[in-house]
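**Q** This is the structure I want to talk about, given as structure tokens.
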Amino acid sequence: MAAVVASPARTLAPGWTAAAMVAPASIVVTIGIVVPILILFRYSLNQYTPAKMMVDAVTIENYAKFFTDPFYVAILLRTIRVAALCTAICVVLAFPMAYCLARTRSRFKNLLLMVVILPLFVGNAVRAAGWMVLFGNRGFVNTLLMESGITREPLQIMYTELAVVIGIIAVNLPFVVLTLQAVLEGIDRAIEEAAQGLGAGPWRTFGHVILPLAMPGVVAGTILSFILAMNAYATPVLLGGPTFQMMGPTVYNQFAGLSNWPFGAALSFVLMTATLLLTVTSNWVAHRRYRR
313 MAAVVASPAR TLAPGWTAAA MVAPASIVVT IGIVVPILIL FRYSLNQYTP
363 AKMMVDAVTI ENYAKFFTDP FYVAILLRTI RVAALCTAIC VVLAFPMAYC
413 LARTRSRFKN LLLMVVILPL FVGNAVRAAG WMVLFGNRGF VNTLLMESGI
463 TREPLQIMYT ELAVVIGIIA VNLPFVVLTL QAVLEGIDRA IEEAAQGLGA
513 GPWRTFGHVI LPLAMPGVVA GTILSFILAM NAYATPVLLG GPTFQMMGPT
563 VYNQFAGLSN WPFGAALSFV LMTATLLLTV TSNWVAHRRY RR
């Protein structure tokens with residue numbers, strides 16, 4: 313019987329295969345993100361007139377207006393301060409929670425994960441409305457304080473930076489917990505046991521073993537929380553009120569309220585640039601610190 317020799321199957325080169333897999337996502341990202349950003353940047357170079365709204369031009373006067381006006385510079389600095397504070401608190405609060413989730417062997421682990429994930433099913437505006445019920449002059453917190461005799465008059469919690477910080481932390485905390493938990497689960501328990509066997513106490517084990525190994529998760533959680541806080545909109549609007557300005561609501565007001573698209577586009581690029589620079593710098597500092 314004659315042997316039948318099959319011809320080798322024709323396959324694409326590995327490079328072409330990878331390109332074919334990446335191409336659809338690249339096209340979607342280019343059309344959905346890069347192109348609008350380029351158009352927005354072009355808008356930021358135009359001029360604004362009350363009669364025509366936007367006049368084609370190539371000028372940097374919108375950026376000059378932002379950096380020469382103390383009002384808008386103060387809004388940017390306030391946004392950075394609030395975002396940095398919320399991010400630091402989120403990381404400090406999330407690490408113990410993530411460590412317990414990663415190390416627990418309880419049969420209720422999935423239930424605990426659902427408790428962390430459950431707030432993500434509720435929109436930011438709804439959660440902010442809940443905080444408004446708690447922080448109002450006749451809300452739960454002030455009612456409890458006055459009925460217990462701690463205060464005689466309601467505290468001004470609503471429309472303050474404290475309320476905004478608490479609201480943003482509540483929004484960002486689950487993201488940081490889940491990010492850290494995924495990294496901590498990948499750390500072998502034997503490494504901690506070896507450190508303790510060599511005489512290292514709990515804090516020394518944490519500082520010299522757990523934290524350096526978990527640093528990729530810390531960096532990822534920090535970046536995620538910082539970006540979300542820098543671009544927060546619903547929480548500053550509902551909990552901060554009209555007197556507490558952050559960059560997100562200010563950008564929206566320029567577009568929707570004042571119809572000043574050139575200046576709104578310039579504010580958007582200032583916000584994106586500040587977020588990108590601070591994120592890259594913090595990432596570089598963290599990697600350089602723990603690479604040693």
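For the sequence shown, the positions run 313 to 604 when this note's numbering is used.
C-beta: ideal position from N, C-alpha, C; glycine also.
From R415 to A440, what distance separates their C-alpha atoms?
**A** The alpha-carbon atoms of R415 and A440 are separated by roughly 32 Å.
**Q** Under 8 Å: do the segment 456-476 and the segment 432-448 share three or more Cβ pairs, one atom per stretch?
**A** In short, these stretches touch, since the Cβ pair count reaches three.
**Q** Under a Cβ-count criterion, where at least 16 other Cβ atoms within 10 Å of its own Cβ denotes burial, should A526 be classed as buried or exposed?
**A** When all chains shown are included, A526 counts as buried.
**Q** Applying the criterion that 16 or more other CB atoms from any shown protein chain within 10 Å of the CB defines a buried residue, is S338 buried or exposed?
**A** Exposed, because fewer than 16 other Cβ atoms sit within 10 Å of the Cβ of S338.
**Q** Using 9 Å as the threshold, is the C-beta distance between T399 and S580 below it?
**A** Result no, Cβ atoms of T399 and S580 do not sit closer than 9 Å.
**Q** Shortest alpha-carbon distance to Q493 belongs to which of Y411, F447, S571, Y564?
**A** Closest by alpha carbon: Y411.
**Q** Specify whether the segment 348-359 and the segment 559-576 touch according to this definition: at least 3 beta carbon pairs, one from each stretch, less than 8 Å apart.
**A** Segments in contact, yes.
**Q** Considering only DSSP beta bridges, list what M365 is partnered with.
**A** Its beta-bridge partners are T361.
**Q** On the CB-based measure, 16 or more other CB atoms within 10 Å of its CB, does L456 come out buried or exposed?
**A** L456 should be labelled exposed.
**Q** Rounded to whole angstroms, what's the CA-CA distance from M333 to I343? Just pull it up for me.
**A** The alpha-carbon atoms of M333 and I343 are separated by roughly 17 Å.
**Q** In angstroms, rounded to a whole number, what distance separates the CA positions of A315 and I499?
**A** Residue placement at A315 cannot be trusted, given a pLDDT of 48 that sits under 50; what the coordinates show is reported in the next sentence. Cα to Cα, A315 sits roughly 54 Å from I499.
**Q** Contact between the segment 507-524 and the segment 577-591 is defined here as three or more beta-carbon pairs at a separation below 8 Å; is this criterion met?
**A** No, the segment 507-524 does not touch the segment 577-591.
**Q** Can you have a look at V597 and say buried or exposed, based on whether 16 or more other CB atoms are within 10 angstroms of its CB?
**A** V597 comes out exposed.
**Q** Which runs of the beta strand (DSSP E) spanning at least 3 residues fall entirely within the segment 483-513, listed in chain order?
**A** Complete beta strand (DSSP E) runs here, min 3: none at all.
**Q** Kindly indicate which three-state DSSP category T585 falls into: helix, strand or coil?
**A** The answer is helix: DSSP assigns T585 an H, G or I state.
**Q** So what does DSSP say about F420, is it helix, strand or coil?
**A** Here F420 sits in coil by DSSP.
**Q** According to DSSP, simplified to helix, strand and coil, what is I392?
**A** I392: helix per DSSP, three-state reduction.
**Q** Output the distance between the C-alpha atoms of D381 and I387, rounded to the nearest integer angstrom.
**A** Rounded to the nearest angstrom, the two C-alpha atoms are 10 Å apart.
**Q** Under three-state DSSP, which class holds A546?
**A** Residue state, collapsed to three classes: helix.
**Q** Considering only residues of the same chain and omitting the five flanking positions on each side of A507, which have a CB-CB separation below 8 Å?
**A** Only R516, T517, H520, V521 meet the Cβ criterion.
**Q** What do you get for I349, buried or exposed, if any count of 16 or more other CB atoms within 10 angstroms of its CB means buried?
**A** The residue is exposed, with fewer than 16 neighbouring Cβ atoms inside 10 Å.
**Q** Measuring CB atoms only, is the segment 538-553 touching the segment 389-404, in the sense that at least three cross pairs come out at less than 8 Å?
**A** Flag = yes, the segment 538-553 and the segment 389-404 touch.
**Q** Give a single yes or no on whether L590 has its beta carbon closer than 8 Å to a heavy atom of the ligand NAD.
**A** Summarising the ligand content, the structure contains no ligands, and the ligand NAD is consequently not present.
**Q** Quick test of the definition: if touching needs 3 or more C-beta pairs under 8 Å, does the segment 541-558 touch the segment 477-489?
**A** Yes, the segment 541-558 is in contact with the segment 477-489.
**Q** How should T391 be labelled, buried or exposed, when 16 other C-beta atoms within 10 angstroms of its C-beta is the threshold for buried?
**A** Label assigned to T391: buried.
**Q** Give me the Cα-Cα distance between I301 and T371, rounded to the nearest whole angstrom.
**A** Lying before the first or after the last residue shown, residue 301 is absent from the chain, which here runs from 313 to 604.
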